[in-house]
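Q: In my numbering, the protein residues as written are 2 to 242. For glycine and all other residues, C-beta sits at the position ideal for the given N, C-alpha and C.
#1: At 4 residues or longer, and completely inside the region 81–152: list those alpha helix (DSSP H) runs for me, N to C.
#2: With a cut-off of 8 Å on the beta carbons, I'd call residue 187 and residue 173 a contact; round off their distance for me.
#3: If the criterion is Cβ atoms closer than 8 Å, does the pair residue 86 and residue 80 meet it?
#4: Looking only at its chain, what residues have a beta carbon closer than 7 Å to the beta carbon of residue 1, apart from the 5 residues adjacent to it on each side?
#5: Give the straight-line distance between the Cα atoms of residue 103 and residue 154, rounded to the nearest whole angstrom.
#6: With a floor of 4 residues, list each alpha helix (DSSP H) that falls wholly inside the region 189–234, ordered by position along the chain.
#7: Quick one: grab the DSSP three-state call for residue 167.
#8: Please go through the same chain and pick out, in chain order, the residues whose beta-carbon is closer than 7 Å to the beta-carbon of residue 107, but skip the five residues on each side of it.
#9: According to DSSP, is residue 44 part of a helix, a strand, or is it coil?
#10: Measuring alpha carbon to alpha carbon, tell me which residue in 198, 184, 195, 192 is nearest residue 212.
#11: Can you give me the Cβ contacts of residue 62 inside the same chain, cut-off strictly under 7 Å, excluding the 5 residues immediately before and after it?
Below is the structure:
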């Protein structure tokens with residue numbers, strides 16, 4: 002596609018806010034700014050290329066009701082008009098608007114950050130070995146699960162409206178990076194530990210979610226999160242947020 006060809010994509014408010022964050026970081030690193038026209042051209046090109054890719058194949062059993070699909074970040078399927086669950090047109094990721102930072106639902110296609118910036122390319126989370134899920138970029142130009150970022154105490158989110166970028170703090174202790182996950186048995190990324198005071202069982206956030214461990218955080222307050230190993234899980238529903 003030649004850059005002189007007509008560009009049909011128009012940047013929305015979320016795109017403008019994201020580009021401002023990117024250009025601020027590029028300036029700090031001595032790199033030039035990306036123009037609005039360049040970003041429009043790139044996104045327009047990516048959207049048109051999707052038509053040539055068979056990324057999501059139809060389910061022979063028929064489509065799954067959107068009412069049954071939980072948000073990849075909070076694991077809750079409930080939604081309303083002000084906080085709908087949106088589906089990525091590239092990978093079919095399901096996320097709440099608030100959980101993933103989508104204040105405005107665009108007309109037509111919506112792509113998650115991974116499908117927009119790295120379509121068809123494998124990305125890995127710096128906090129865990131698991132693939133798939135709701136990814137966002139970090140302040141160190143890497144990728145991470147939003148779920149991991151929200152559960153690791155020393156990790157933050159710079160912009161809570163758009164839920165990006167994920168701020169990787171130097172405050173993450175070295176000991177956290179050395180923990181071995183009790184579920185996948187892999188020492189990679191940064192694990193959290195059982196909330197029981199006398200228990201030091203470690204697990205990746207995504208491993209805990211997939212294994213159905215008790216994880217409760219209803220307030221988005223880092224000091225209120227509670228995750229328990231299977232032995233110390235209280236008799237409550239496994240609910241995040």
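A: Short version:
#1: 98–101, 114–118, 147–152
#2: Contact flag wrong, Cβ pair sits at about 18 Å.
#3: yes
#4: With the chain represented from 2 up to 242, any question about residue 1 goes unanswered, as that position is not in the structure.
#5: 24 Å
#6: 206–212
#7: strand
#8: 13
#9: helix
#10: 184
#11: Note on residue 62: pLDDT 49, under 50, position unreliable in the model; no value is reported.
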